[in-house]
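Below you'll find the structure, written out as structure tokens, and then a few comments.
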Amino acid sequence: MSKINQNWAFGNKAGLDFSTNPPTSVATAIGSVGSAKEGCASISDDNGNLLFYTDGMSVWDNTHTVKMTGLQGDFSSTQSAIIVPNPGSNNEYYVFTMDGSSNASGPFNHLNGVLIDLSSSTWSFTPLSNLMTLPSTTGFSPCEKITAVQHSNCKDFWLITVLQKGIVSTSEGSGVFRILKITASGVIHEYDLPMNQKIVEIGYLKGSPNGTKLALANGKKGNVLVYDFDPATGVIDIVGVVNIDIPITTSDNTTVYGVEFSPDNNLLYYANLVSGRREGRVFQVDLTSNSPVSIEVGAFKNKEERYAIGALQLGPDGKIYIVKDNENSLGAILKPNIVGLGCTVDIDYITLQKGTLGYLGLPNLISNPCPDDDCGCGCTGCNDEAESQNEELIERAKTKYNTIKSDQNCPDPFMEHCKLNAITNGVDFKPCFSFHWGDGINDQIEEHDTEVFYLTVCNTFKDIKYNGLRITKVTLTPDIHPLDKIHIVPDRFVNLDCLEPCSCQTREFAMINRANDTAGNYILEVEYCFDSISLESVKTNGKVEFPLEITED
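Just so you know, the numbering used here puts 557 at position 513 of the sequence shown, and the rest follows in order with no gaps.
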């Protein structure tokens, strides 16, 4: 797994190191220059070593030494900065900044930033304005929202911000998405997209862990907007937006600030920003429901008469962390994939280092960093239990009645011995896939049902090894139904890492069908890629297809 999000710096000199479980509280220097009341960002290298962090105005290195000041974020901007690797260099990182309009008057800095080159001990800094023509901000005010989503090619990135169109002095205006693409060639302004919504400046903008959704916390409007997003094209589905209103009570502030997705992308969490001695509340929304509603799963009393709850941020350990303004501990959602109160909200999960405090922000991170295939842990990745887990999934797949192979020349999966030498036989270096489904001879894939199925990929050669193998996308074609009718989970970025000679790996999926008008013949299309084989480095992409039929309920 990627380790670029392993170290956090936030608040008043607070930090977390996720190389341990639970994470270790550490002291940092953030907030020592100016005040990091809200937005911040951190980044680590592929091995999980802290590189640097920022509050959107200053940058500190991993020795907690200030390397630069004068960035154009704002101490009171929800997401004052985000750090994105330069796809064209292993030593360069963009720090993008975003200021806010809630505590200031124009002119505003809007989107800005710097490209940092770490290749020398002194570092070098190139203003973003020297690298591109910054898009026009005439007639707009900033909305304190900026996030980054990794492109589906696992190289490039999408940078997404929000603008208000209208009178600068008002707290809300007509929202506009601004989408930029970050490639090895530079930063490109792709397009602006009117949201057809009134947007408030404060509140987080987040991408989902699989990169296919965006959630926007709409501050004092009291709602969260959820959009489908295509990480391959950068297209945001404005028409299909899901509008989730916070449950209104007489005693609670309805300002929505922090928002986050569950690791499995199915649940959304958000929290309200309350002042005075009132309770901040954490809400959960099941995005797989036809009619998503908010349920309260936790409450936090405001101890310091400021704000109760700030940011929600998914950690590398799969827990969602909750910052409490001006307090020395973080809360957490311990089981965020569980629907209802079983998600388990702990209001004091981590005690911060003595002398440090959380404020309103947690690090603004890339939501879906592609896995690092070179983590040094062998073909099981960094999961010590990977082998036993794979054996369990293989046994489950064997119980399925139907098995369809991607190529009839492929031997049966779970074979005991290989017969082919890849090089001497001169054959194609494709792995073999199998699709397992059905609990018996009469079982069918039906409408308005959930079908659990398995995909097995086998290396039938005894003299090569596949490295960096992953399933990049699973699609039902023709792809004519929206996600609220048919949804395959997971549907992309399923990692198998290494595939040893004469071995198989199995992964579990579910086809969720909520409709009564989907009967017909389809192809289950499985796209995959691998980085190399052990005897000859080959960049390869592929696709296999399995016919299936959904019968009438």
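In this text, a Cβ means the ideal position worked out from N, Cα and C, and glycines have one as well.
Helix, strand or coil for glycine 183? Go by DSSP, reduced to three states.
coil
Serine 102, enclosing beta strand (DSSP E) - first and last residue
102–105
May I ask you to report which of helix, strand or coil DSSP gives serine 373?
strand
Consult DSSP for glutamate 188 and reduce its assignment to one of helix, strand or coil.
strand
Rounded separation between isoleucine 448 and isoleucine 280 - CA only:
35 angstroms
From the DSSP output, in three-state form, read off cysteine 414 for me.
coil
Close Cβ partners of isoleucine 556 (< 6 angstroms) along its chain, the five nearest in sequence each way excluded:
Thr494 and His531
Helix, strand or coil for glutamate 304, going by three-state DSSP, please let me know.
strand
Please report how far the alpha carbon of asparagine 51 lies from the alpha carbon of valine 341, in whole angstroms.
27 angstroms
Identify every run of the beta strand (DSSP E) within the stretch 196–243, keeping only runs that are complete inside it and at least 3 residues long; order them along the chain.
201–209 and 216–227
Same chain, Cβ closer than 7 angstroms to threonine 205, five either side skipped, listed in chain order
Met142, Leu155, Lys189, Ile190 and Arg222
Check the DSSP bridge columns for histidine 531 and list the partner residues they point to.
Ile556
How many Å lie between aspartate 61 and threonine 68 at the Cα?
5 angstroms
Mapping DSSP to helix, strand and coil, what is asparagine 156?
strand
Enumerate in chain order the residues of its own chain whose CB-to-CB distance from asparagine 262 is below 7 angstroms, with the five nearest sequence positions on each side excluded.
Ile243, Val244, Gly247, Val268, Leu269 and Val300
Look at the alpha carbon of phenylalanine 140 and the alpha carbon of serine 576, and state the distance between them as a whole number of angstroms.
33 angstroms
If I measure Cβ to Cβ from valine 533 and keep anything under 6 angstroms in the same chain, skipping five residues before and after, which residues do I get?
Ala554
Please report the straight-line C-alpha distance between histidine 108 and alanine 73, rounded to a whole angstrom.
5 angstroms
Assess contact between the stretch 381–393 and the stretch 408–415, defined as three or more Cβ pairs (one per stretch) separated by less than 8 angstroms. Is contact present?
no
Going by the beta-carbon positions, is the gap between glutamate 490 and threonine 595 smaller than 8 angstroms?
yes
Taking the alpha carbon of phenylalanine 479 as the reference point, which residue from Ser46, Gly255, Ile127 and Glu589 has its own alpha carbon closest?
Glu589
State the DSSP-derived secondary structure class of alanine 71, mapped to helix, strand or coil.
strand
Rounded C-beta distance between serine 578 and lysine 506? I'm assuming under 8 angstroms.
Serine 578 to lysine 506, Cβ: 12 angstroms. No contact.
Where the alpha helix (DSSP H) through serine 173 begins and ends:
172–175
Under three-state DSSP, which class holds aspartate 493?
coil
Tell me where the alpha helix (DSSP H) around leucine 520 begins and ends.
Looking at the DSSP string, leucine 520 is not in any alpha helix (DSSP H); the run it does join, the beta strand (DSSP E), is 510–521.
With 16 as the cutoff for other CB atoms within 10 Å, does aspartate 417 come out buried or exposed?
Confidence in aspartate 417 is poor, its pLDDT being 45 and thus under 50, which makes the residue's placement unreliable; the coordinate value appears in the next sentence. Looking at its Cβ environment, which holds 16 or more other Cβ atoms inside 10 Å, aspartate 417 is buried.
Which same chain residues, not among the five before or five after valine 158, have their C-beta less than 7 angstroms away from its C-beta?
Leu115, Val139, Phe169, Thr170, Pro171 and Leu172
Output needed for aspartate 528: all residues of its chain with C-beta closer than 7 angstroms, excluding positions within five of it in sequence on either side, in chain order.
Asn334 and Arg558
Since glutamine 357 is in the beta strand (DSSP E), which residue starts that stretch and which ends it?
356–358
Give a yes or no on contact between the stretch 507–526 and the stretch 430–446, applying the rule of three or more CB pairs nearer than 8 angstroms.
no
On a CA-only basis, which of Asn174, Thr181 and Thr98 is nearest serine 76? Give me that one, please.
Thr98
In chain order, what residues of the same chain lie with their CB nearer than 6 angstroms to the CB of alanine 376, ignoring the 5 residues before and after it?
Lys363, Tyr365, Asp390 and Tyr393
Where arginine 440 sits in the DSSP three-state scheme:
helix
Can you look up alanine 315 in the DSSP assignment and give me helix, strand or coil?
strand
Quick one: what's got a C-beta closer than 6 angstroms to lysine 345's C-beta in the same chain, skipping five residues either side?
Glu323
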